[in-house]
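To start, the structure under review is shown below, and the notes come after it.
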Amino acid sequence: MKKVETFASIFGEDHSEVPSEKQDGTTSLKLDDLIPFRNHPFKLYEGDRFNDMVESIKNYGVIVPIVVRKVDDKYEILSGHNRVNAAKEAGLTEVPTVIKEGLTEEEATLIVTETNLMQRSFSDLAYSERATVIATRHTAMKKQGVRNDLLDEIEKLSKAPDLSADSTFRPMGEKLRSDQNIGEEYGISPRNISRYLRINELSAPLKDLVDEGKIAMRAGVDLSYLSQENQEMVEAIISENTFKVDMKKAALLRKHEKEGNLNWNTAQKIISGDMLKSTGKVKPFKLEPTIISKYFNPNEDKKAIEKTIEKALDFYFSQMKNQSHDIEEGEEMIE
1 MKKVETFASI FGEDHSEVPS EKQDGTTSLK LDDLIPFRNH PFKLYEGDRF
51 NDMVESIKNY GVIVPIVVRK VDDKYEILSG HNRVNAAKEA GLTEVPTVIK
101 EGLTEEEATL IVTETNLMQR SFSDLAYSER ATVIATRHTA MKKQGVRNDL
151 LDEIEKLSKA PDLSADSTFR PMGEKLRSDQ NIGEEYGISP RNISRYLRIN
201 ELSAPLKDLV DEGKIAMRAG VDLSYLSQEN QEMVEAIISE NTFKVDMKKA
251 ALLRKHEKEG NLNWNTAQKI ISGDMLKSTG KVKPFKLEPT IISKYFNPNE
301 DKKAIEKTIE KALDFYFSQM KNQSHDIEEG EEMIE
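Here it is, written out as structure tokens:
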């Protein structure tokens, strides 16, 4: 009987061929053919969590297929960045995949955010990640005709054995079809929803600084109104000097941009705190009783004392000003 050679034995295992779909609707794709989602907004696993995933894949393989879409001659990952990284570390060359076609950019982004949210509770996300989830959901809920059939399918595909049982978890289709607003779903006020939407307008480096605590969240809201150019300038100043930005500094930066006089020097003075020191109010203080008794008798009226002190200070500072002026004139004569 003549031995029939397989396709792989003739052309080799690495022969590039259109992926064949399995009976369960998944396809095996080579890891080298995968690229990450552009500007992926979520933090990837590190440390023990990543190592545990690597060990699991070594023992059982990639159980839950990743989700991708074709981009040119590659496949862009929509769901499964951590699984792909762990599979590479575990020594795999291929992973089970679901290829989605005909997606709009909004639908692709929605898959990225929803499948990430399904693995972790909202409270576990960093500020920038929460902002991405809320902004994406907000856009989707404003649009009509959201593809719930697509979301239901992705929800089924993404059900891993260790999904969080947190109370914030609900199937994607239910989330988008619910009459509840976003604030009720995540247990945050409409005002905070608005703040997260503003945080989403920050540049990526400033979002990282918010996550790191170098920019207070509410300060980040003010900074989100700055132009992209000024956001880059602010990020450079903070990173170069390891400064932090609070609400007062952020409000000053926004005010100066609105007035058209925000430049590097001004921004640096604000962010370093020098401008706040120079424009801040003098802290209230009390004169020691011994000083009062030295110049005033015990029965003196309080208002009268304050008026006398004010006059004395006016005289003192006028004398100091005249003295400074005389010194400057003397220096000019020497020159």
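Per UniProt numbering, the sequence shown starts with residue 1, numbered consecutively. From the three backbone atoms N, C-alpha and C, an ideal C-beta is built for every residue, glycine too.
- Nearest Cα to residue 40 within the set 232, 204, 192, 60: 204.
- In this model, residue 55 and residue 90 are separated by some 7 Å (Cα to Cα).
- Counting C-beta atoms within 10 angstroms of its own C-beta, residue 319 has fewer than 16 neighbours from the protein chains shown and is therefore classed as exposed.
- Bridge partners of residue 79 according to DSSP: 67.
- In this structure, the alpha-carbon of residue 111 lies about 42 Å from that of residue 273.
- Listed in chain order, the alpha helix (DSSP H) elements of length 4 or more contained wholly in the segment 88-144 are 105-119, 127-142.
- CA-to-CA, the gap between residue 242 and residue 210 works out to about 13 Å.
- Going by DSSP, residue 30 is part of no alpha helix (DSSP H) but of the beta strand (DSSP E) stretching over 27-30.
- Taking C-beta separations shorter than 8 Å and ignoring five residues to either side along the sequence, the partners of residue 217 in its chain run 127, 195, 199, 210, following chain order.
- Per the coordinates, the alpha-carbon of residue 252 lies some 26 Å from the alpha-carbon of residue 130.
- Closest in C-alpha terms to residue 71, from the list 108, 83, 96, comes 108.
- Here the alpha carbon of residue 33 sits roughly 21 Å from the alpha carbon of residue 105.
- Taking C-beta atoms under 8 Å as the contact rule, residue 31 and residue 74 fail to qualify, at a distance of about 11 Å.
- For the segment 197-231, not one full-length beta strand (DSSP E) segment reaches 3 residues or more.
- Beta-bridge annotation (DSSP): residue 74 is paired with 71.
- Fully contained in the segment 279-317 are the following alpha helix (DSSP H) runs of length 4 or more, in chain order: 289-295.
- Between the segment 287-302 and the segment 252-267 there are fewer than three C-beta pairs closer than 8 Å, too few to call the two in contact.
- With a cutoff of 8 Å on beta-carbon distance, residue 250 and residue 197 are scored as not near each other.
- Residue pairing from DSSP places residue 35 in a beta bridge opposite 76.
- Taking C-beta atoms as the reference points, residue 67 and residue 80 count as a pair closer than 8 Å.
- In its chain, beyond the 5 residues on either side, 35, 37, 68, 69 have a beta carbon closer than 7 Å to the beta carbon of residue 76.
- Sorting 228, 188, 62, 65 by C-alpha distance to the C-alpha of residue 207 places 228 at the top.
- Straight-line spacing of the CA atoms in residue 308 and residue 277 works out to 29 Å.
- Nearest neighbour of residue 271 by Cα position, chosen from 316, 45, 49, 219, turns out to be 219.
- For residue 50, the enclosing alpha helix (DSSP H) starts and ends at 47-60.
- Straight across, the Cα-Cα distance linking residue 132 with residue 29 is about 28 Å.
- By DSSP's assignment, residue 234 forms no beta bridge with any residue.
- By the beta-carbon neighbour count (other beta carbons within 10 angstroms, threshold 16), residue 86 is buried.
- Note that the C-beta distance between residue 26 and residue 98 is below 8 Å.
- The beta carbon of residue 192 is closer than 7 Å to none in its chain, skipping five residues each way along the sequence.
- Minimum Cα-Cα distance from residue 212 among the listed residues 256, 78, 115, 244 corresponds to 244.
- Burial state of residue 63 is exposed, judged by a 10 Å Cβ sphere holding fewer than 16 other Cβ atoms.
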